[in-house]
Amino acid sequence: MVEMFWEYQIKGGIVLAVSVLLYVLVLSNDSFFKRNRLWLVGSLLLPWIVPLITMPVWLKKMLFTDMGATVPLHTFVSVGQMNMDTVQATNHFSFSIEFLGIVLYGLISVVFLVRLFYGYASILSLKKSAECKSYKGFSLAVLPDSKLGPFSFFRTIFIPKELEKSRESRLILEHEKAHCAGWHSIDLTLVECMLIFQWWNPFAWWLRNLIANNHEFCVDNIMLKNLSDPKDYQYSLLNLIRGQGQNHLVNNYNQSLTKKRIIMMNKSDKNRTIHRLKGLLLLPILTFSLLAFTNPNQADEVKVEKKSEQTIANTLDLQKYIARNVKYPVIAQENYTQADVIAHVTIDKNGKVKGVKIAQKRQSNLVKIDEVVITAYKTAGGNQDNTQAGIKSLEKETTRILKSLPRLSNQAWVGQKLEFKLKFKLQ
């Protein structure tokens with residue numbers, strides 16, 4: 001479960017990185033601001049969706065790699081130690097390290113969750129202390145603090161009292177009204193929610209800045225279309241420099257990169273057809289890139305793996321099968337239990353397992369199979385209070401793995417009783 005969580009996180013992070021890089025390299029300098037907003041919002045959603053999409057294994061094999069030959073994540077087989085005498089399977093991760101990683105990740109995520117709630121609380125506090133009015137169907141909060149800059153949050157426009165009576169007040173109010181009408185606060189809230197889970201990903205922070213800048217480009221474009229003299233609006237951006245960025249959840253009137261905004265306002269659209277085609281051409285590139293991070297159909301993967309192991313003809317392949325599929329029981333790890341488990345396996349005339357019996361000692365009249373060593377790390381905080389439960393779990397795991405053996409085609413095993421020895425060791 002822990003491995004699946006980290007795999008989901010990493011896949012989502014890579015999906016986000018691919019989408020952001022494509023936007024920056026291809027779309028960011030275009031004046032199709034609504035299309036760019038759709039792309040950026042899509043970049044917020046893709047990391048949660050793509051890793052959950054089920055893709056047939058045959059397609060993943062054809063495009064990327066042979067899934068049938070993939071070794072499960074929980075097991076590491078040391079090829080250098082794999083010979084006719086012993087095969088060693090090692091649990092790859094220590095439970096204590098995994099637990100520590102989850103706790104650290106969770107604590108930092110909680111900090112970002114508190115940060116989100118604090119942002120909302122700060123805005124609500126400002127609104128309570130403001131003089132409430134209305135402006136063209138939207139709420140208007142007039143702030144007594146002149147150090148704050150104008151900003152918008154959902155359906156409310158915030159403006160300092162001194163600016164409400166200034167020459168630029170109409171431009172400011174129209175600008176913030178466009179933010180409210182476009183529901184830009186939803187985008188910012190979504191990206192803040194993503195940062196709760198993807199705080200470790202620099203592309204998530206980059207995406208937040210790209211979304212905030214795109215909001216300004218969208219609003220600037222609307223303002224230029226509705227004003228008789230666009231120069232007044234551009235001058236207002238340069239003249240109104242005051243306390244900005246007071247809250248990470250809001251849209252400010254005068255964002256950073258003012259020079260970039262003015263350049264985008266005056267950008268010509270001579271190649272609109274080419275710019276439109278760029279978005280369409282990127283879709284297959286993005287789709288193919290994201291296919292690598294979908295979740296393969298587990299049922300189909302099991303079928304492929306079983307098909308490749310329908311028969312086992314020699315001891316080395318038999319040891320490999322056990323090493324790839326065996327798990328060191330958590331109960332045994334927690335109780336510091338290690339033991340040698342001997343099992344007698346009856347094989348019928350078709351080479352299939354007929355029965356498995358745990359034995360207390362070895363018998364000389366059975367066909368011996370070279371031992372397999374399974375090693376794992378001791379669990380931090382474990383004890384030896386229930387050693388018997390640990391031994392039972394080792395015997396149960398041995399029975400499970402031996403019952404799952406595919407058909408054995410070696411004639412020396414068919415119709416015989418085989419003796420296995422699984423050596424469970426802790427480090």
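Under the numbering used here, the final residue of the sequence shown carries the number 427; numbering is consecutive throughout.
Where is the CB? At the ideal position from N, CA and C, for every residue including glycine.
What you are looking at is a predicted structure, and each value in this text was computed from that prediction instead of being measured.
Partner residues in the beta bridge of cysteine 132, as assigned by DSSP, are Ala141. With contacts defined as CB atoms closer than 7 Å, tryptophan 199 and phenylalanine 117 fail to qualify as a contacting pair. Taking every protein chain shown into account, the CB of tryptophan 183 has fewer than 16 other CB atoms within 10 angstroms, so this residue is exposed.
DSSP links histidine 344 through a beta bridge to Lys357 and Glu419. Pairing glutamate 168 with serine 122 gives a Cβ-Cβ distance that is not under 7 Å.
With the rule of 3 Cβ pairs closer than 8 Å, the segment 139 to 153 does not count as touching the segment 203 to 210. With 16 or more other CB atoms across the displayed protein chains lying within 10 angstroms of its CB, lysine 11 is buried.
Rounded to whole angstroms, the gap between the alpha carbons of glutamate 131 and leucine 188 is 25 Å.
Contact between leucine 318 and isoleucine 374 does not hold, since the beta-carbon distance rounds to 15 Å and is not under 8 Å. A distance below 7 Å separates the beta carbons of alanine 332 and leucine 394. For arginine 407, the three-state secondary structure derived from DSSP is strand. As the crow flies, the alpha-carbon of serine 404 is around 44 Å from that of cysteine 193. In this structure, the alpha-carbon of lysine 417 lies about 6 Å from that of valine 345.
Sixteen is the threshold: since fewer than 16 other Cβ atoms of the shown chains lie within 10 Å of the Cβ of lysine 136, the residue is exposed. For isoleucine 157, the enclosing beta strand (DSSP E) begins and ends at 156 to 160. Here glycine 415 is exposed: its Cβ has fewer than 16 other Cβ atoms, across all protein chains shown, within 10 Å.
Nearest Cα to leucine 224 within the set Tyr328, Ile196 and Leu171: Leu171.
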